[in-house]
Every structure is written in C-alpha cells, then in structure tokens.
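Read through the structure below, which is laid out as structure tokens, and then see the notes.
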Amino acid sequence: MPNTPPGGLGHVPVAVYACATATSVVCAAELRARHYADARHWHVAGAWTDNDPSMALDTRPGWSAITSALSTGLIRGIVVASASHVAADAAHFAALGVLIRDRGGFLTEAAPGPPHRTPGQHERRRALLEAAVGWSLRDHFTPGIAR
21 MPNTPPGGLG
31 HVPVAVYACA
41 TATSVVCAAE
51 LRARHYADAR
61 HWHVAGAWTD
71 NDPSMALDTR
81 PGWSAITSAL
91 STGLIRGIVV
101 ASASHVAADA
111 AHFAALGVLI
121 RDRGGFLTEA
131 APGPPHRTPG
141 QHERRRALLE
151 AAVGWSLRDH
161 FTPGIAR
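Quick look at the structure:
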C-alpha cells in the first residue's frame, strides 16, 4: 500500500476513466483527469475508456478492467473528469464512491478551476527562495535600492 502524505499528495497509482460517444469528448475528459492526477503527484497506471454511456456501468469493458485492476491492487483510485461518466446523478456517484472505498480504493471527480492558493502563499514561497539562495530579489531588482 503506497505511503501517502496528508492532503492526498503522493505516488498513488490511479486509473483514469472516461465514457462518451464522441472521441473528442473522451480525449478531453482523459486529459483533464490526467492533469488532475498529475497535480497531486498520483501515478496514472492506465487510462480506460468506453464509448456507450447508455450501457450499465458494470457491463462496460473499460470499467470492468478498472474494477479488476482495483481488486488486484494495481490501482488505488479512479479519476473521472466528470461524475456523469460513471453516474446518473450526485447520489449515484456518492454511492459508487462508497462501494469503491469498501474495496480499498477511492473515486474522485477532477475538480474544475485553478488549484487552491492560500493567503500569503506567494510571499512565503518568495521568502523561502530568497533564504535558500542567500539574497533578496527585491534588493537587487527594486529601483532605488543600492547595494
């Protein structure tokens, strides 16, 4: 079992899943889910797709491959670009997440929008960078300050 630091970041093997009739939608969904996983430093062990959303989830070949990978321990989580790729509504998505959690994994939807920034994060990172290199960027590049 991978050692994951607090906050969900770490080298956790995940699967990316998408289901849509249009190839362009599948490609965009896979890309979004991969970016979401990469931002968390999760290892994308594979990407599976299905092209018929009208099929029951448990009869889709791609989804069956993912559940098999989860059962064998090849992956720990499943990332989808949108809950609609695996569920009809939010309640169904939550129930599916509970089922996967009971099998030792997790299901997550790639959240839209930019990554969360905390207040003062930019300033703290700049201070750390300056301390690491031993000089202040502001002192050297701010007009009127001579050294």
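Under our numbering, the first residue of the sequence shown is numbered 21, with each subsequent residue one higher. In this text, a Cβ means the ideal position worked out from N, Cα and C, and glycines have one as well.
- Item | Cβ pair count under 8 Å reaching 3, the segment 33–45 against the segment 65–72 | yes
- Message: By alpha-carbon positions, which one of 104, 81, 58 ends up nearest to residue 129?
- Response: To locate residue 129, count along the sequence shown from 1; it is residue 109. Checked all of 104, 81, 58; the closest Cα to residue 129 is 104.
- Query: Roughly how many angstroms lie between the CA atoms of residue 173 and residue 153, to the nearest whole one?
  - Reply: For the chain, the structure presents residues 21 to 167; residue 173 sits outside this window and is missing.
- Task: Measure the C-alpha to C-alpha separation of residue 43 and residue 143 and round it to an integer number of angstroms.
- Result: Within the sequence shown, the letter at position 23 stands for residue 43. Within the sequence shown, the letter at position 123 stands for residue 143. If I take the Cα positions, the gap works out to 43 Å.
- Under the three-state DSSP convention, the category residue 33 falls into: Position 13 of the sequence shown, counted from the start, is the residue given in the question as residue 33. Strand, per DSSP.
- Residues bridged to residue 61 (per DSSP): In the sequence shown, the residue the question calls residue 61 occupies position 41. In the DSSP output, where bridge partners are listed per residue, residue 61 has none listed.
- Query: When the Cα atoms are used, what is the spatial distance from residue 151 to residue 140?
  - Reply: Walking along the sequence shown from the start, residue 151 turns up at place 131. Walking along the sequence shown from the start, residue 140 turns up at place 120. About 17 Å.
- For the 8 Å Cβ check, are there 3 or more pairs between the segment 46–56 and the segment 82–91? no
- Exposed or buried, residue 148, counting other C-beta atoms within 10 Å across all chains shown (16 or more means buried)? For this step, residue 148 is matched to residue 128 along the sequence shown. Exposed is the call here.
- For the beta strand (DSSP E) that residue 100 lies in, which residues bound it at each end? The residue given as residue 100 occupies position 80 in the sequence shown. 97–100 is the span of the beta strand (DSSP E), which, as asked, contains residue 100.
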